[in-house]
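Engineer: The working numbering puts the first residue of the sequence shown at 37, with every later residue one more than the last. Cβ atoms here follow ideal geometry from the backbone N, Cα and C, with glycine treated the same way.
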Amino acid sequence: MRTSKLIRLTITLLVVLLFATYFLLNTEKFKPLLHVNLPLLLAIGLTNIAVIYVNGLFMKSILIPFNKFISSSEAFYISVISSIGNFFATAGTGFGIRAVYLKKKHGLPYSEFITTLSGNYVLVFLINSFIGLAALYLLRNHYNVQYLTLAVVFGLILIASLALSLMKLPLKKDPREAGKGWLSRNFYRVVYGWSKITSDKKLMFRLIGLVSLNFLLAAFIYWAIIKSVHLDIGLPSLLLFTVLGSLAIFINITPANLGVKEAIYLFSSSVLGFSVSEILLIVLVERGVQFSILFVLWLFTTTTRTKDKLLKNGSEV
Numbered sequence: 037m038r039t040s041k042l043i044r045l046t047i048t049l050l051v052v053l054l055f056a057t058y059f060l061l062n063t064e065k066f067k068p069l070l071h072v073n074l075p076l077l078l079a080i081g082l083t084n085i086a087v088i089y090v091n092g093l094f095m096k097s098i099l100i101p102f103n104k105f106i107s108s109s110e111a112f113y114i115s116v117i118s119s120i121g122n123f124f125a126t127a128g129t130g131f132g133i134r135a136v137y138l139k140k141k142h143g144l145p146y147s148e149f150i151t152t153l154s155g156n157y158v159l160v161f162l163i164n165s166f167i168g169l170a171a172l173y174l175l176r177n178h179y180n181v182q183y184l185t186l187a188v189v190f191g192l193i194l195i196a197s198l199a200l201s202l203m204k205l206p207l208k209k210d211p212r213e214a215g216k217g218w219l220s221r222n223f224y225r226v227v228y229g230w231s232k233i234t235s236d237k238k239l240m241f242r243l244i245g246l247v248s249l250n251f252l253l254a255a256f257i258y259w260a261i262i263k264s265v266h267l268d269i270g271l272p273s274l275l276l277f278t279v280l281g282s283l284a285i286f287i288n289i290t291p292a293n294l295g296v297k298e299a300i301y302l303f304s305s306s307v308l309g310f311s312v313s314e315i316l317l318i319v320l321v322e323r324g325v326q327f328s329i330l331f332v333l334w335l336f337t338t339t340t341r342t343k344d345k346l347l348k349n350g351s352e353v
């Protein structure tokens, strides 16, 4: 654990150092930040909140097959603290916070939480890889090594997510009958839980709809960010940009994926049609707004929860 933390810290510091060096050597390329469109920044911030809210609705919906029912406000709160953990910490801290909260507050076993998390991953990968391949087809005149690499990656993700979403295993009626070993029991519970989710067609359509809605919101965010620094982007490039941003979230090595997301964008810059400085401009605005929104939400949820506890303790007295 100490070694992995040291590696993450080293990567984070190295990324910050490289960016600071590039910024100091190319300050004139970042002048558009002085003339950023403020109304668009406000729209980006509000849409970020909408994304967090929709994530909460997804979690609320996917818990139903496990007989765990939470309100929309609690789902939003859990989504907020999970987003804060994933942004400011590393290696899926936000998911860990969510798992502990649902275990303590609602008695959701960790194996069933893994099922809900896996369901989220599968649907996000499925939809984003399909849109990514469609975007690459529209950008086929940008064919190069990076283009081919993205096509192969999206193709593999699509095949894997389709296989997982359609996978059907013979299941016993009671997960407790799945053997004596801890590993076999928990693996069976994950598969059993995923089977419960996919067997509910109405729920699946709802989950796919929520993931698709979040993709549209994310696409608007990236369009608004790019416009806010007075750049232009076509629809195919916007779709590809959104897909790359959505999938980069799951490679959580450093706080806020610092360096990881930038590396993915820079690798794909020739296909996206942006220069290095333009990519960094976009990412700076994106991270600045995210930081501001999550900080405000942290203050809001902390204050609200403190007031609720004080009111509860007062009523008990």
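What does a CB cutoff of less than 7 Å around residue 134 pick up in its chain, not counting 5 residues either side in sequence?
Structural biologist: Within the sequence shown, the letter at position 98 stands for residue 134. Result list for residue 134: 114 and 118, in chain order.
Engineer: When burial is assigned at 16 or more other CB atoms within 10 Å of the CB, is residue 56 buried or exposed?
Structural biologist: The residue you call residue 56 lines up with position 20 of the sequence shown. It is exposed - the Cβ of residue 56 has fewer than 16 other Cβ atoms within 10 Å.
Engineer: Runs of 4 residues minimum, wholly inside the region 124-185: which ones carry the alpha helix (DSSP H) assignment?
Structural biologist: Runs of the alpha helix (DSSP H) inside the region 124-185: 129-142 and 146-174.
Engineer: So what does DSSP say about residue 106, is it helix, strand or coil?
Structural biologist: If you number the sequence shown from 1, residue 106 lands on position 70. Note: residue 106 maps to coil in three-state DSSP.
Engineer: In this structure, does DSSP put residue 309 in helix, strand or coil?
Structural biologist: What you label residue 309 is simply residue 273 of the sequence shown in a count that begins at 1. Three-state result, residue 309: coil.
Engineer: Any contact between the region 154-171 and the region 275-284? By contact I mean 3 or more CB pairs, one from each, below 8 Å.
Structural biologist: As far as the Cβ criterion goes, the region 154-171 touches the region 275-284, which means the pair count is three or higher.
Engineer: State the DSSP-derived secondary structure class of residue 359, mapped to helix, strand or coil.
Structural biologist: The chain is shown only over 37 to 353; residue 359 falls outside these bounds and no answer can be derived.
Engineer: To the nearest angstrom, how far is it from the Cα of residue 121 to the Cα of residue 52?
Structural biologist: Position 85 of the sequence shown, counted from the start, is the residue given in the question as residue 121. Position 16 of the sequence shown, counted from the start, is the residue given in the question as residue 52. C-alpha separation (whole angstroms): 20 Å.
Engineer: Report yes if the C-beta distance between residue 177 and residue 325 is below 8 Å; otherwise report no.
Structural biologist: In the sequence shown, residue 177 corresponds to position 141, counting from 1. In the sequence shown, residue 325 corresponds to position 289, counting from 1. Result no, Cβ atoms of residue 177 and residue 325 do not sit closer than 8 Å.
Engineer: What do you reckon, are the CB atoms on residue 144 and residue 104 nearer than 8 Å?
Structural biologist: Here residue 144 refers to the residue found at position 108 when the sequence shown is read from its first residue. Here residue 104 refers to the residue found at position 68 when the sequence shown is read from its first residue. Their beta carbons are under 8 Å apart, which means residue 144 touches residue 104 by this criterion.
Engineer: Measure the Cβ-Cβ separation of residue 147 and residue 242 and say whether it is below 8 Å.
Structural biologist: Translated into positions along the sequence shown, residue 147 becomes position 111. Translated into positions along the sequence shown, residue 242 becomes position 206. No, the pair does not count as a contact, with Cβ atoms beyond the cut-off.
Engineer: Indicate the three-state DSSP secondary structure (helix, strand or coil) for residue 71 in the structure shown.
Structural biologist: Locating residue 71 in the sequence shown gives position 35, where the first residue counts as 1. Helix at residue 71.
Engineer: For residue 87, which of 254, 330, 296 and 315 has the nearest alpha-carbon?
Structural biologist: Your numbering for residue 87 matches position 51 in the sequence shown. The shortest C-alpha separation from residue 87 is found at 254.
Engineer: For a test of the three-state rule: what should DSSP assign to residue 265, helix, strand or coil?
Structural biologist: Mapped onto the sequence shown, residue 265 falls at position 229. Of the three classes helix, strand and coil, the one that applies to residue 265 here is coil, per DSSP.
Engineer: Pull up the distance between the alpha-carbon of residue 47 and that of residue 300, whole angstroms please.
Structural biologist: Position 11 of the sequence shown holds residue 47. Position 264 of the sequence shown holds residue 300. Each residue's Cα considered, the two are about 15 Å apart.
Engineer: May I ask which residues mark the beginning and end of the alpha helix (DSSP H) holding residue 277?
Structural biologist: As a first step, residue 277 must be located in the sequence shown, where it is residue number 241. It spans 271-284 - the alpha helix (DSSP H) in which residue 277 sits, taken as one unbroken run.
Engineer: Helix or strand or just coil, what does DSSP make of residue 82?
Structural biologist: As a first step, residue 82 is located in the sequence shown; it is residue number 46 there, counting from the start. In this structure, residue 82 counts as helix in the three-state DSSP scheme.
Engineer: If you draw a straight line from the C-alpha of residue 190 to the C-alpha of residue 138, how long is it?
Structural biologist: As a first step, residue 190 is located in the sequence shown; it is residue number 154 there, counting from the start. As a first step, residue 138 is located in the sequence shown; it is residue number 102 there, counting from the start. Distance between the alpha carbons of residue 190 and residue 138 is about 32 Å.
Engineer: Give me, in chain order, the residues of the same chain whose beta-carbon lies closer than 6 Å to that of residue 171; leave out the 5 immediate sequence neighbours on both sides.
Structural biologist: Along the sequence shown, read from residue 1 onward, the residue named residue 171 stands at position 135. Correct list, in chain order: 272, 275 and 276.
Engineer: Per DSSP, what kind of secondary structure is residue 53 in: helix, strand or coil?
Structural biologist: Position 17 of the sequence shown, counting from 1, holds the residue named residue 53. Here residue 53 sits in helix by DSSP.
Engineer: Give the straight-line distance between the Cα atoms of residue 54 and residue 316, rounded to the nearest whole angstrom.
Structural biologist: The count along the sequence shown starts at 1 and reaches residue 54 at position 18. The count along the sequence shown starts at 1 and reaches residue 316 at position 280. Straight-line Cα distance between these residues: approximately 12 Å.
Engineer: Quick one: residues in its chain with C-beta nearer than 6 Å to the C-beta of residue 269, no 5 flanking neighbours on either side, listed in chain order?
Structural biologist: Residue numbering aside, residue 269 sits at position 233 when the sequence shown is read from its first letter. Closer than 6 Å at Cβ, skipping near neighbours: 262.
Engineer: Between residue 93 and residue 112, what straight-line distance do the alpha-carbon atoms span, to the nearest angstrom?
Structural biologist: Your numbering for residue 93 matches position 57 in the sequence shown. Your numbering for residue 112 matches position 76 in the sequence shown. Looking at the two C-alpha atoms, the distance is approximately 7 Å.
Engineer: Short check: CB of residue 106 to CB of residue 142, under 8 Å?
Structural biologist: Walking along the sequence shown from the start, residue 106 turns up at place 70. Walking along the sequence shown from the start, residue 142 turns up at place 106. Yes. Within cutoff.
Engineer: Could you name the residues of the same chain whose beta carbon sits closer than 8 Å to that of residue 259, not counting the 5 residues immediately before and after it, in chain order?
Structural biologist: Position 223 of the sequence shown holds residue 259. So the qualifying residues of the chain are 269 and 274.
Engineer: Looking at residue 123 and residue 335, is the spacing between their C-beta atoms short of 8 Å?
Structural biologist: Within the sequence shown, residue 335 is the residue found at index 299, counting from 1. Within the sequence shown, residue 123 is the residue found at index 87, counting from 1. No. Outside cutoff.
Engineer: Leaving out five residues before and five after residue 50 in sequence, what residues of the same chain have Cβ atoms less than 8 Å from its Cβ?
Structural biologist: Residue mapping note: residue 50 aligns to position 14 of the sequence shown, counting from 1. Answer for residue 50: 295, listed in chain order.
Engineer: Under the assumption that residue 321 contacts residue 297 (Cβ atoms under 8 Å), give the Cβ distance between them as a whole number of angstroms.
Structural biologist: For the purposes of this step, residue 321 is taken as residue 285 along the sequence shown, with counting starting at 1. For the purposes of this step, residue 297 is taken as residue 261 along the sequence shown, with counting starting at 1. With a Cβ gap of about 13 Å, residue 321 and residue 297 do not count as contacting.
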